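To start, the structure under review is shown below, and the notes come after it.
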Amino acid sequence: MPEARVVPNVITCNAAISSCEKGGQWQQALNLLSFMPEAKVVPDDMAYNAAISACEKGGQWQPALILLSLMPEARVVPNEITYSAAISACEKGFQWQHALTLLSLMPVARVVPNEITYNAAISAFGKGGKRQLALHLLSLMPVARLVPNEITYNAAISACEKGGQWQLALNLLSLMPEARVVPNEITYSAAMSACEKGGQWQLAVILLSRMPETRVVPNQISYSAAISACEKGFQWQLSLTLLSQMPEARVTPDEITYNAAISACEKGCQWQLALNLLSLMPEARVVPNEITYNAAVSAFEKGGQWQQALDLMSLMPEAGVVPDQITYSAAISACEKGGQWQLALNLLSLMPDARVVPNEITYSAAISACEQRGQSAAAVRLLDTIGRVAESLSGSAPAEDQ
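Below you can see the structure in the form of structure tokens.
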């Protein structure tokens, strides 16, 4: 029997592009869309929508906008699905200006934004630090006869969180029951993060405790936000209490959780506890990163444990973590507190080879270490070095435009 040949048509092509979109294959989706004219199949709005959605899911905002711009030439009219997908692509790419432009073009194109459009735009503005724009858009939804849902509120609360506006975040949270919108773990986590950024550790802990009452199960992000809030509020005991509650709540700590808890111990001058937490991470299958090591080195520095600080710093390359400016500054400060001026200078001398630029904290700690041990000549040499570095930097700086 002769082999049956499938002739591509708009339905099969659209189905194939949609399949690529669902599978996160944005390049394949674009290839199929470009293949359609060759196969004498005219792409329709569904084909473009699926391809733009594929780009959005792949975090490809530029191809998404290019496709949208090609639609008029192809005599395909964009609809609310098209614009929503393109705005979502801009949101994922942190392109709030493009999202705003697309939103403003919709009335001109006689396309009415829907809830998905508003949610994507509010999220884009939030990620771009444009809290006022996000809240203004939220206020316009009732006028447009659109009902905000939990995604809308989450995006708006996240916008407040990024701006450190904890009062506004909590106000939005309080409005949700009246709007018959049920907060979820994302809502609470964003509100707690807002409290953390605003230095309101008590409120963050209260929110965490209220979650089970509203039948919302705290997750990794919720606990991390609350522990971070306690850390910033110098509440190391409470940070550790919350961390200890996580196994019972069947929540696994991640590197963010451990980093916040170790930082809390560092702020509370509890170097032994910081070291203990660091030692527990491999067993918990959590890989320490530069933030973890820096917090622990700083904890040793505050506790006057210069040997521990240097030992930990020496282990970082072995763990695949590169010491940075913060690491060196903390280690040099530890040496300064321990009266180890030679070690402080040695660390400072290693920084250029490590491609780490010393800052005022690094130099101040090294100079202080020299002065404390009566090494005024070494301190003077350091000051001279700082002057020469400053001169070379100012000489290499580009001239200002006249």
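Residue numbers (UniProt numbering): 1 to 402.
Glycine included, C-beta positions come from ideal geometry on N, C-alpha and C.
These figures come from a predicted structure and were not determined experimentally.
Is the beta carbon of residue j closer than 9 Å to that of residue i?
i           : j      : result
Gln220      : Thr252 : yes
Leu238      : Trp201 : yes
Asp44       : Ile81  : no
Gln62       : Trp26  : no
Gly199      : Lys162 : no
residue 404 : Pro212 : There is no way to answer for residue 404, as the model of the chain reaches only from 1 to 402.
Ile11       : Leu32  : no
Ala369      : Gly320 : no
Ala296      : Glu336 : no
Ile332      : Leu312 : no
Rounded to whole angstroms, what is the Cα-Cα separation between residue i and residue j?
i           : j      : result
Asn259      : Leu135 : 32 Å
Ser222      : Met71  : 43 Å
Ser279      : Thr292 : 11 Å
Met141      : Leu203 : 29 Å
Ser244      : Arg285 : 16 Å
Asn154      : Leu343 : 50 Å
residue 404 : Val41  : Only positions 1 to 402 of the chain appear in the structure, and residue 404 is not among them; the question remains open.
Ser329      : Thr187 : 37 Å
Ile326      : Asn294 : 6 Å
Ser314      : Asn114 : 56 Å
Ala226      : Ser349 : 40 Å
Pro288      : Val77  : 51 Å
Glu255      : Leu310 : 22 Å
Asp324      : Glu290 : 8 Å
Glu91       : Ala179 : 25 Å
Val87       : Arg215 : Checking the sequence shown, residue 87 turns out to be Ile, not Val. Taking the straight line from one Cα to the other gives about 33 Å.
Ile367      : Met316 : 25 Å
Leu67       : Ala85  : 11 Å
Arg250      : Pro218 : 10 Å
Leu65       : Ala109 : 15 Å
Lys127      : Arg210 : 27 Å
Cys13       : Ala156 : 38 Å
Ile361      : Ile206 : 37 Å
Ser298      : Gln95  : 36 Å
Val357      : Glu371 : 22 Å
Ser224      : Glu185 : 12 Å
Gly303      : Leu275 : 11 Å
Ala89       : Leu102 : 11 Å
Pro177      : Leu208 : 18 Å
Gln308      : Ser189 : 35 Å
Met246      : Ser19  : 39 Å
Pro8        : Ser34  : 13 Å
Leu345      : Met192 : 42 Å
Ser392      : Arg355 : Residue placement at Ser392 is flagged as unreliable, the pLDDT there being 48, under the threshold of 50; a coordinate-derived value is accordingly withheld.
Gly24       : Thr117 : 21 Å
Gln97       : Gln132 : 14 Å
Asn79       : Gly93  : 21 Å
Glu318      : Gln305 : 21 Å
Tell me whether residue i counts as near the ligand NAP, meaning its Cβ is closer than 8 Å to at least one heavy atom of that ligand.
i      : result
Pro247 : Of the ligands one can find in the structure shown there are none, so the ligand NAP has no counterpart to examine.
Skipping 5 residues on each side, what residues in its chain have a beta carbon closer than 6 Å to that of residue i?
i      : result
Leu273 : Cys265
Ala229 : Cys195, Glu196, Trp201 and Ala204
Met106 : Tyr83 and Pro113
Val389 : Note that Val389 scores 47 on pLDDT, short of 50, meaning its location in the model is unreliable; the coordinates nonetheless yield the value given after this. Cβ within range, chain order: n/a, list empty.
Met36  : Cys13 and Pro43
Ala39  : Pro8
Ala397 : Residue placement at Ala397 is poorly supported in this model, since its pLDDT is 44, which falls under 50; the coordinates still yield a value, given next. Cβ neighbours of Ala397 beyond the five flanking positions: none.
Assuming residue i contacts residue j (C-beta within less than 8 Å), just tell me the rounded distance between them.
i      : j      : result
Ala29  : Ala50  : 7 Å
Pro138 : Ile122 : Per the sequence shown, the amino acid found at residue 138 is Leu instead of Pro. About 6 Å separates the two Cβ atoms, so the contact holds.
Trp166 : Ala144 : Their Cβ separation, rounded to whole angstroms, is 28 Å, which puts Trp166 and Ala144 out of contact at 8 Å.
Leu173 : Pro183 : 6 Å
Ile151 : Asn119 : 5 Å
Phe125 : Ala74  : Incorrect: roughly 30 Å between the Cβ atoms, too far for contact.
Glu301 : Ala334 : 4 Å
Gly164 : Lys197 : 4 Å
Grab me the residues of residue i's own chain with a C-beta within less than 7 Å of its C-beta, minus the 5 sequence neighbours each way, in chain order.
i      : result
Leu277 : Tyr258, Ala261, Ile262 and Cys265
Trp236 : Ala264, Cys265, Lys267, Gly268 and Gln270
Met281 : Tyr258 and Pro288
Gly395 : Annotation note: pLDDT 48 at Gly395 (below 50); position unreliable, coordinate value reported separately. Around Gly395: no qualifying Cβ.
Residues in its own chain within less than 8 Å of residue i by CB, not counting five upstream and five downstream?
i      : result
Glu21  : Ala29, Ala50, Ala51, Ser53, Ala54 and Lys57
Ile386 : Reliability fails at Ile386, whose pLDDT of 49 lies under 50, so the model's placement of it is uncertain and no value is given.
Asn359 : Gln325 and Ser329
Met351 : Tyr328, Val357, Pro358 and Thr362
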